[in-house]
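S.K.:
Residue numbers (the numbering used here), protein chains in the order written: chain D, 810 to 1145; chain A, 550 to 748.
Okay, here's the thing in structure tokens:
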């Protein structure tokens, strides 16, 4: 089936916490790009479509193989910002022959989508983006890792403020992973391990120097960082606590602390620290990552779009491009 | 999995696939297999099933069941998700898939013989002739699981090396993409697996 980039971007779950922010971010980046907001709550969808302009709405029936859409509907990409346990949304994208972005799988849940890819390797591209914060911390870590000649460890810590709650889907994702997921995956001493206490814990020093207990998370970030760098130690830990901006009365931001241990090309060795602070909080940074992934898969980010394949964000998105986008969006990036 | 796929080829649409395996406690295999078993049953608290067309992860408590051994004795079992579940889900699109493992005493040992391994497969759905139909397949290997496990590895190697047809292009494969189910079943029989098929 032929589809052109003039067809609308389909954002499923487009009125949710991540979906609506992704829709707005994409609109900021591409004022003319047609967008269809796929949702169950049509009132919210219509309001959002009117707000961003050049947008349509479509009522989604996730249980139906055609998602309840008109058989003649055409889209340029399918973004799933809702939980789909049936793979109906993936099969829908592949029937249209357009790229697909999966936004919420934990490491342990990748089996069905990878098996689907093994059976249909020539169908349209699939991007696994169940990473924390829409892949922004991982891509940023890989951006900074380019300054290194050798990397021994990559450790990512994220501080969530109590005033910056998860969206409904993210909260449910984390609950689901906690209930049915395995122990969190980390790479330690060069071995992939399912971490128990105490390996599953780590103290994170956040932006204002305060310390928080972080817990390892089995998110896809570790797969990306572990494959891209070959570091012997790779982990992502999440912590809850007051962020620096909240303490200063400036509202809840989201703090990402990236620590890379290794030898820099300039010759210095040691542990180097980088910080990303999103003044709009966690969901906003996730949406920024998702929006950059969408523009990349549409071929709007200076790279041609792949026709087929299974991707992690770092195999598709130029880290430097993401960094430029984050800075444009007002995210603070600091090498400490 | 291969006998299931072979039986599945008779169906137009599959509603459900149940696979029950009896693994004798004397048939654990070597230290690597034992390590896999410990890891898969301890770090992963839930197993993958398919229910009403959706992937559903079932926790250990919810996953208790029974497998009826080939001599009619019901053995307590635990839901388990080896790659079979992924392969069957992708290949058949069955609305319901579940794999249960009973770890204990096999029927042959209850008869006073050596341990064996048993696989009990039940499929329901609509046949290509359009009628509601079902299959019940019992497979026993009198030497336990190791010969069947080794057969799978050997047939996989054979396919990857291009010793039967052309070697596959670089890529990511599941076994059903490389090995013909009918051939696999023939080779299972050739190494001593006994099939009792009702369909």
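The C-beta atom is built at its ideal place from N, Cα and C for all residues, glycine as well.
To the nearest angstrom, how far is the alpha carbon of residue 810 of chain D from that of residue 874 of chain D?
M.R.: Because residue 810 of chain D carries a pLDDT of 39, less than 50, the predicted location of this residue cannot be relied on, and the following value inherits that uncertainty. Using only the alpha carbons, I get a separation of about 17 Å.
S.K.: Less than 8 Å between the C-beta atoms of residue 983 of chain D and residue 1048 of chain D, yes or no?
M.R.: no
S.K.: How is the alpha helix (DSSP H) around residue 659 of chain A delimited, first residue to last?
M.R.: 656-659
S.K.: Report buried or exposed for residue 808 of chain D, applying the criterion of at least 16 other Cβ atoms within 10 angstroms of its Cβ.
M.R.: There is simply no residue 808 of chain D to check, as chain D begins at 810 and stops at 1145 in what is shown.
S.K.: Give me the chain A residues within the contact set of residue 925 of chain D, using Cβ-Cβ distance strictly less than 8 Å, ordered along the chain.
M.R.: 639
S.K.: According to DSSP, simplified to helix, strand and coil, what is residue 881 of chain D?
M.R.: coil
S.K.: Determine the contact status of residue 897 of chain D and residue 876 of chain D, defining contact as a CB-CB distance below 8 Å.
M.R.: yes
S.K.: Please state whether DSSP places residue 837 of chain D in a helix, a strand or coil.
M.R.: helix
S.K.: List the residues of chain A that residue 989 of chain D touches, going by C-beta distances under 7 Å, in chain order.
M.R.: 594, 595, 606 and 608
S.K.: Could I get the ranges of all uninterrupted alpha helix (DSSP H) runs contained in the region 575-654 of chain A, with 4 residues as the minimum, in chain order?
M.R.: 580-591 and 633-641
S.K.: Alpha carbons only, please: which of A/595, A/613, A/574 and A/641 is nearest the one belonging to residue 551 of chain A?
M.R.: A/641
S.K.: Looking at the C-beta of residue 603 of chain A, does it have a partner C-beta in chain D at a distance below 8 Å?
M.R.: yes
S.K.: What are the start and end residues of the beta strand (DSSP E) that includes residue 970 of chain D?
M.R.: Premise fails: residue 970 of chain D is in no beta strand (DSSP E) and is neither H nor E.
S.K.: If we count the other Cβ atoms within 10 Å of its Cβ and call it buried at 16 or more, is residue 724 of chain A buried or exposed?
M.R.: buried
S.K.: Residues of the region 628-659 of chain A with a CB closer than 9 Å to any CB of chain D: list them in chain order, please.
M.R.: Correct list: 630, 632, 634, 635, 636, 638, 639 and 640.
S.K.: Where DSSP assigns a beta bridge to residue 1063 of chain D, which residues make up the other side?
M.R.: D/1087
S.K.: Tell me, to the nearest whole angstrom, how far the beta carbon of residue 994 of chain D is from that of residue 1027 of chain D; I am working on the premise that it is less than 8 Å.
M.R.: 5 Å
S.K.: When you compare the CB positions of residue 707 of chain A and residue 689 of chain A, do they come within less than 8 Å of one another, or not?
M.R.: no
S.K.: So, is the C-beta of residue 722 of chain A closer than 8 Å to a C-beta in chain D?
M.R.: yes
S.K.: For residue 1106 of chain D versus residue 1114 of chain D, is the C-beta distance shorter than 8 Å?
M.R.: yes
S.K.: Go ahead and pull the three-state DSSP assignment for residue 750 of chain A.
M.R.: Here chain A comprises residues numbered 550 to 748, so residue 750 of chain A is not present and cannot be evaluated.
S.K.: Taking all protein chains shown into account, do 16 or more other C-beta atoms lie within 10 angstroms of the C-beta of residue 1133 of chain D, making it buried, or fewer, making it exposed?
M.R.: exposed
S.K.: Using a cut-off of 7 Å between C-beta atoms, extract the partners of residue 921 of chain D located in chain A.
M.R.: From the beta-carbon of residue 921 of chain D, the residues of chain A found nearer than 7 Å are 604, 635 and 638.
S.K.: Quick one: measure Cβ to Cβ for residue 832 of chain D and residue 861 of chain D, integer angstroms, because I've assumed they're closer than 8 Å.
M.R.: 6 Å
S.K.: Per DSSP, what kind of secondary structure is residue 1119 of chain D in: helix, strand or coil?
M.R.: Per DSSP, reduced to three states, the secondary structure at residue 1119 of chain D is strand.
S.K.: Below 8 Å on the Cβ atoms is my guess for residue 608 of chain A versus residue 595 of chain A; work out the distance and round it to an integer in Å.
M.R.: 5 Å
S.K.: Should residue 1177 of chain D go down as buried or exposed, given a rule of 16 or more other Cβ atoms within 10 Å for buried?
M.R.: With chain D covering only 810 through 1145, there is no way to say anything about residue 1177 of chain D.
S.K.: Using 10 angstroms around the beta-carbon of residue 817 of chain D, count the other beta-carbons present and answer buried if the total reaches 16, otherwise exposed.
M.R.: buried
S.K.: How long is the line joining the alpha carbons of residue 926 of chain D and residue 1059 of chain D, rounded to whole angstroms?
M.R.: Cα to Cα, residue 926 of chain D sits roughly 45 Å from residue 1059 of chain D.
S.K.: Please state the DSSP three-state secondary structure of residue 1029 of chain D.
M.R.: Correct three-state label for residue 1029 of chain D: coil.
S.K.: Got a sec? Which residues, its chain only, sit under 6 Å from residue 731 of chain A by beta carbon, not counting five neighbours each side?
M.R.: 555
S.K.: Taking all protein chains shown into account, decide if residue 1001 of chain D is buried (16 or more other Cβ within 10 angstroms of its Cβ) or exposed.
M.R.: exposed
S.K.: Measuring CB to CB, does residue 635 of chain A end up less than 8 Å from residue 924 of chain D?
M.R.: yes
S.K.: So, residue 1031 of chain D versus residue 916 of chain D, is the Cβ gap smaller than 8 Å?
M.R.: yes
S.K.: Using a Cβ cut-off of 8 Å (strictly closer), state whether residue 930 of chain D contacts chain A.
M.R.: yes
S.K.: Just the Cα atoms here: how many angstroms apart are residue 682 of chain A and residue 747 of chain A?
M.R.: Computed Cα separation, rounded: 11 Å.
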